[in-house]
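Inspection log for the structure reproduced underneath, given as C-alpha cells.
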Amino acid sequence: MRALFYTVLARIRDFLRPAAGDADFDQELDMHLGLAEEDKVRRGMSREQARREARLELGGVAQLREAARAARGLPWVETLWLDGKLGLRMLRRSWGLTLVGGLAMAVTIGLGASMFTIWDTVAGTRLPLNEGDRVVAIQSFDKVAHRVHRETPLPDFRRWRETLKSVEHVSAMRPFVPAVIARDGADDSVAAAEMTASAFQLARVQPLLGRPLIEDDEREGAEPVAVIGYRLWQEGFSSDPAVLGQRIQISDTPHIVVGVMPRGFGFPVNQRLWTPLRTNPVGEGRPGRADAFIFARLVPGATLERAQAEVTTFGLLPRDIAAGTTAQLEPRVVPYAAGLFPEVNRNTWLAGVIFLLGALLLIPPCANIAILVYARTVTRRDEFAVRTALGASRGRIVIQLFVEVLVLASGAGIAGLLLARQFSGRLARMVMPTMSPLPFWMDFKPSLATVLCVAGLSLLAAAIAGAVPAFRATGRWRRAGFVGLGNRSAGARLGKTWTALLATQVALSLAILPSAMEMLWGVFRPTIVGPGLPVEEFLTASIVMEGDSSRFEHLRIEAVRQLTSEAGISGVTASADLLLEEPSADIEVEGGEAHDAQAQFNSVDAKFFEVFGVRFLAGRSFDASDFGPGRTPVIVNRSFVTQVVGETNALGRRIRYRETEPTRQTAPPPGWHEIVGVVEDFPVSNNEPTMFHPMTRAPHPVNLTIRAPSGIGPAAGRLRAVASGLDSQLRVRDLQSLDEMYWQRRSFDHMFGFMVGAVTVIVLLFSMAGIYTLMAFIVAQRWREIGVRAALGAQPRQLLIGIFGRAAVPLLIGAIAGCAIALRLHSALPIAEAGGRSIPVIVPASAALMIVVGLLAVAGPARRAIRIDPTEALRVS
Amino acid sequence: MVEPRSAILQGTLDLMVLKTLEQMGPLHGYGIARRIEQVGEQAVIVNQGTIYLCLVRLLQKRWISAKWGTSENNRKAKFYAITTAGRAQLKAETENWERISGVIGRVLQPGSGLPAEASAKAGS
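Protein sequence lines correspond, in order, to chains A and U. In terms of the numbering used here, the first sequence opens at residue 67 and continues consecutively. In terms of the numbering used here, the second sequence opens at residue 454 and continues consecutively.
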C-alpha cells in the first residue's frame, strides 16, 4: 500500500515536470552506451562494432524513452487532455449539436442541481452561529396522530429551564408580524419575535449598538423595550447612531429601542425585531398564546442523545384534554432547523431520490443527443479507419467519443451550476411560498455536495449521449471488420434500436404533452380571458388607529358607511385579509378521510360577495344572523368543493382547522364550521381551496376594498378624507389597486408557465430533430437507390410515399404508446391542484399535433430525396 | 526443438535487480545488467534497456534510491542502492519465490503427479 502511494506521488511529480525526467533518462542511456562500448573495445572489438553491439543489446532507444515516459508520468491524463482538445474542436465544428444539446443538458442539469441545492440548504441543520450545530429544539410529538407540535406550553418550558442539565440557555420564542411605526416610516408586516433574553446568550452574537434583551425586561410591569435588526435600523431610523432610547410603535404599544443587532442576524428564523417574552404564569393570559417554540444549546460534552434521554425522563406536564392527552405526546430533542421544519429530514435517501429524478430528467435530452452523436460518428468512419490502422483499439475510440461528449456535458454542467446558483433561491420560494422571507441560515448557494451532484449528472449525460452511441457504432464496425471502414457502404446504418428509441421518444413527448398543455392553459387562461372581475375598479387599503384603539370598531363601521354613500363608489367591504393575500391552514372535513388538506381562510363582512360581484353556485350568502354569537357558517369556493370535499353537494358538510395559531394577524377560528354556500372561484386564476367566515369583530388594522367604477384615484382621496374627518389618529395605509396586486401575482404564474412552455417546446423540438436525423440518414444512405428508381421512372409521389412510410412506423408506434401513457398520467397527476385546467379531447389533439410535428420533420429529407439527380446516381453506380 | 535460452518470468526482474544491489552494493544501470548476465551465465535473455524501466518502477516504490556519481572510467553515472524498504521487500519476495519454486519443483519431479496410494493402485 505504501509502495502504491509512493508510486502515485512520483508519477504526479514526474507528470508536472516531464522534461527533467526525459533529460535524466537520456543522459543515463548515453552513459550506458558509452560504458558498454568501452567494455567491448577492451574485450577486443573494433569501436564501430562495439558501438553497434552496445546499441543492439540495449534495444530501441526511442521505444525505451516512450516506455519510460509512460512508466513515469500519468499517460492517461495526457491522452484525455488530447481527447478533450479534439472534443472542443468537434464542438466548434458541430455547432448545431453543441447549441441544442448543450442548452438542453444545461437546463436539465441546472434543474437537477437546483433541486439538490434546495434540499441541501433546507435540510442543512448547521446554523451560522458560534457552534451552531449544538443548538437544538425541544418539542412534543403526537404518537397517535404522527405529527410534531412545534410549540410547547410554557409550564413545560419553565420546568425544563429549571431542571435540564444537558442543555443550557433554554429559551422560548413566539413569532408575530406586527404593524410597526418607526421614526422614519411605517411597515405593517415586520417579522418579529417575542423572545426570552436567554436566546441572545444562546446565539452568542453581540449587539451592534446598545444591549440585547435582559431578564429584567421580562418582568411584569417592566417598561416595554425592543431590540431592532440592522435593516429596521437603516429603514426606520436612517442608521441613526443615537437610536437608543427612541420610541418605536409595535402594534399599538410604544416600545423603547435598547439595542440594534448586526447585519445578517435574523435569529430565531428571519426576524428583525425582538421584544421580551413574558414566560411567567401572568403572561399566559392571552388566549391561544400559551405555547412557544422552545430551543436550547447543548452543554459542552453533551450529545443530542443524552439530552433526549434527560428530556424523556422529565416528560411533559399534564395538558388540557381538548388539546390531546399527554399520554400520546412525548418530548423530543432535535437539531434546531429540523425542529422548525420537521417536514424536511436530512435523509440521505432523499438526496438519492433527487439525484435519480435529475438523472431521469436527463434521459430524454441525452437520448436525443445520442442519436445526433451516433449520426455524426458514422459520418466520421474514415477518421476512425485511419486511427484503427494506426493501432487504436475499440476501447480507445469509445473513450475518445465519450470524452468529446464529456466536454459538452462538462460545459453544460458548469452552466447548470450557474443556473442553480442564480435560480435555486427563486425556485425554493416558488415551491415553498411559506418560507418567505427565508430563514437567515439559508442562502441557497450550491455547496460541495451540489458540485459533486452536478459532476455525477454530467458524467451520466456523457455516458448516455457519448459512450452508448460510440459502443453501438464501433460494435457494428467491429463485426464488419474495422479494416473495411474506408468503404463508404459499411457500417453507416441506423438500425431497429434507433427506430425503437425514436418511437419511445415520440411516446414520451406525447405522454407529457396533454398535461403540459392543460397546465399552460390553466396558467395563461386568466391572462387571455381576464381575471373574471373588473380588477381595475377595486382599491385596497388598510386602516389603523394610532394610540388608543378602543373606538376602532365603531370608526371602521362609520368609515364604511360614509364611503358607501360617496358618489363614484359602488361598494365597500371589510375583511381580515385582502383578496389574493389570504393565509392558509391545515383543515379536516367531518367524516372525511384523514388526509392533509389545506385551505386559505378569510373573515369577511356581509357585503363582501356583493361588492366583488361573485356568483353563488349553491347555498346562500351571509345574513345578519350569521354575525351573531354561536353561529359558525362558512362559505367556500368551487376549488374547495372539487379538491377538498370531492362531492357535488358540499352544503351542510362541516370543517375545522387542525391548528388555530395565527399565521399573520388573523387566526383560523376554532370549532366546526358548516358550509352554507359555494361561490365561483374568484378571480378565475385562484384555484386554491378557500373558506370565508363571517367577520364578527374586525381585527386591528382591518383591510378595506372599495369598488369605484368611475376610477380609483378619486376614491383614494375620499378614503383619506373620510378617515381624517372621523378621527385624527385614524390612518390609511398600503393604498393600492387590486389591478396592480393581481398582475403582480400573475407574473409569478407567468414565470412558471414560461418554464413549462419552454420544456414542452424543447421536448417537441427534440422529437423533431430526432426524426429529422433518422430520415436524413436514410435518404443519404439510399440516395443511389432512390436515384436509380427515379431513373427507372418512379414518380416523386412514389418516392415520397416510401420516405414518409419509413418515418410513419416510429411515429405511429410512438403515438399509440404515447396516448396510452398520456391517459394514465393525465388521470393520475393533480393537474387542477397545480393550477392546470382541463381541455376536452386533449389527448387525441396532442397525438395529432405530435404526428404533424413528425411529418414536418420528414419534409426536409423528403424534399432532398425527390431532388436526387438520376444521372448522377447512375454514374456513381 | 529445445530453446537454449528462456525469457525471464514477468516480475522476477525486479527481484533480480534488488538481489544484485543487495549483494554488490551501489551500482549503475550498466553494472546491474552486466552482473545479471554474468550470474545467469547467458541462460536468460535480459534486454538491457528493460533494466532501466525496472529501475524507474523500483525508484517510484522507494525500494531503491539513486544518486549521480562517477563511474570506474570517470564517466558521470547514476548509482542505485537498495533501501531498507527494498531489503524488506526482497526478503519477502525471496521467501515467496523459494516456496513457489519448491512446489513447482516437486510437481515437475517424475511420479509426483499422483499420491502414493493412487500410484500403487494404478500400478496394480
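By construction, the Cβ of each residue, glycine as well, lies at the ideal position given by its N, Cα and C atoms.
- Scanning chain A for C-beta atoms nearer than 7 Å to the C-beta of G502/U yields L124, G125, L130, reported in chain order.
- Shown here, V324/A sits in a strand according to DSSP, grouped into three states.
- Going by beta carbons, L576/A and F748/A fall outside the 8 Å limit.
- If you draw a straight line from the Cα of C885/A to the Cα of T379/A, it comes to about 60 Å.
- Here L480/U carries a strand assignment [DSSP, helix/strand/coil].
- When secondary structure is reduced to three states using DSSP, Q374/A falls in the helix class.
- For S581/A, the closest alpha carbon among the candidates L877/A, L220/A, A888/A, L518/A is that of A888/A.
- By a beta-carbon distance limit of 8 Å, W340/A does not contact A248/A. Their separation comes to about 14 Å.
- Ranked by Cα distance from H235/A, the options I360/A, D692/A, L579/A are led by I360/A.
- In the DSSP assignment, the residues bridged to L275/A are V326/A.
- For L796/A, there is no enclosing alpha helix (DSSP H); the enclosing beta strand (DSSP E) covers residues 796-803.
- In the DSSP assignment, F361/A forms a beta bridge with A203/A, S237/A.
- Here R297/A has R338 as same chain residues with Cβ atoms under 7 Å from its own Cβ, once five neighbours each way along the sequence are excluded.
- For G126/A and L95/A, the gap between their C-alpha atoms comes out near 11 Å.
- When the alpha-carbon of G493/U is set against those of T473/U, E525/U, G502/U, the nearest one is in T473/U.
- Contact note: R138/A reaches chain U through V509, Q513, using a C-beta cutoff of 9 Å and chain order.
- For the alpha helix (DSSP H) assignment, the uninterrupted runs of no fewer than 4 residues enclosed by the stretch 841-918 of chain A are, from N- to C-terminal side, 849-857, 862-894.
- Between D815/A and S751/A, the gap from beta carbon to beta carbon is short of 8 Å.
- Among the residues of the stretch 829-854 of chain A, none has a Cβ less than 7 Å away from any Cβ of chain U.
- If you check the CB distance, R398/A and F223/A do not come in under 8 Å.
- No Cβ of chain A is located within less than 8 Å of the beta carbon of N527/U.
- Excluding the 5 residues flanking it on each side, G685/A has same chain C-beta neighbours closer than 8 Å at I701, L717, I741, V742, G743, V744, in chain order.
- Residue environment analysis places E284/A among the buried positions, since at least 16 neighbouring C-beta atoms fall within 10 angstroms of its C-beta.
- Excluding the 5 residues flanking it on each side, F489/A has same chain C-beta neighbours closer than 8 Å at G176, S180, in chain order.
- Taking a Cβ-Cβ threshold of 7 Å, the residues of chain A close to A530/U are M97, in chain order.
- If you check the CB distance, A774/A and G634/A come in under 8 Å.
- Annotation: E725/A is outside any beta strand (DSSP E) and is labelled neither H nor E by DSSP.
- In this model, D88/A and R131/A are separated by some 8 Å (Cα to Cα).
- At a cut-off of 8 Å, the C-beta of A69/A has a neighbouring C-beta in chain U.
- By the neighbour-count criterion, in which a residue is buried when 16 or more other Cβ atoms sit within 10 angstroms of its Cβ, N526/U is exposed.
- Collapsing the DSSP output to three states places L683/A in a strand.
- Rounded to whole angstroms, F506/A and L364/A show a C-alpha spacing of 21 Å.
- Per the Cβ contact rule, the stretch 322-332 of chain A is in contact with the stretch 504-524 of chain A (3 or more Cβ pairs under 8 Å).
- Look at F223/A here: in three-state DSSP terms it is helix.
- With a threshold of 8 Å between beta carbons, Y505/U makes contact with chain A.
- Restricted to the stretch 664-710 of chain A, the beta strand (DSSP E) segments that are unbroken, complete and at least 3 residues in length are 682-685, 699-703, listed in chain order.
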